[in-house]
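In my numbering, the protein residues as written are 737 to 889. Beta carbons are placed, not taken as given, at the ideal position from N, Cα and C, and that holds for glycine. Heads up, the thing below is written out as structure tokens.
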């Protein structure tokens with residue numbers, strides 16, 4: 737009789753641990769899979785197209801190291817992805833995967849996480865590419881966006 741009570745108690749404890757563990761795993765999974773909009777319902781994704789001024793490639797190349805180092809000054813959740821767009825595809829060596837010729841950059845595209853287009857502009861106007869007239873602010877486009885598929889790089 738003592739053995740059967742012990743078995744029932746062990747089974748009850750095991751079920752409790754199992755269900756608590758499952759609940760904990762489920763809770764962590766739901767938290768980890770929450771979308772960006774769940775983090776802050778007032779923020780949205782903004783697709784930003786920033787063409788360069790005509791003839792700005794030399795200025796872009798000159799200020800690019802500072803531009804890249806100062807990205808850390810952006811709000812921590814502002815820049816989701818970004819980079820230059822090119823006049824032609826990149827040519828790379830298949831054996832070394834190194835780029836064979838300089839990038840022919842003509843602007844930037846990025847995905848921002850912000851409350852409004854005005855907030856996006858406020859952040860980007862502090863960038864060295866704005867201050868040094870690399871980006872053509874007359875042609876900037878900021879569009880509401882919703883990521884559907886995104887893969888890690």
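Contact check, residue i vs residue j, beta carbons under 7 Å
| i | j | result |
| --- | --- | --- |
| residue 817 | residue 877 | no |
| residue 890 | residue 810 | Residue 890 cannot be examined here, being either before or after the span of the chain that is shown, 737 to 889. |
| residue 780 | residue 864 | no |
| residue 782 | residue 856 | yes |
Residue i versus residue j: straight-line alpha-carbon distance, rounded
| i | j | result |
| --- | --- | --- |
| residue 879 | residue 852 | 10 Å |
| residue 869 | residue 837 | 25 Å |
| residue 813 | residue 791 | 32 Å |
| residue 862 | residue 872 | 14 Å |
| residue 777 | residue 805 | 30 Å |
7 Å Cβ shell around residue i - same chain, five flanking residues per side excluded
| i | result |
| --- | --- |
| residue 874 | none |
| residue 846 | 784, 815, 817, 818 |
| residue 823 | 840, 842 |
Classification of residue i by the beta-carbon crowding that lies within 10 angstroms, buried from 16 upward
| i | result |
| --- | --- |
| residue 787 | buried |
| residue 888 | exposed |
| residue 796 | buried |
| residue 769 | Low local confidence applies: a pLDDT of 35 at residue 769 is under 50, so the model's placement there is unreliable, and no value is given. |
| residue 807 | exposed |
Other residues of its chain near residue i: CB distance less than 6 Å, five sequence neighbours each side excluded
| i | result |
| --- | --- |
| residue 803 | 864, 865 |
Close-in-space but distant-in-sequence residues of the same chain around residue i (CB under 8 Å, 5 per side omitted)
| i | result |
| --- | --- |
| residue 859 | 810, 811, 814, 848, 850 |
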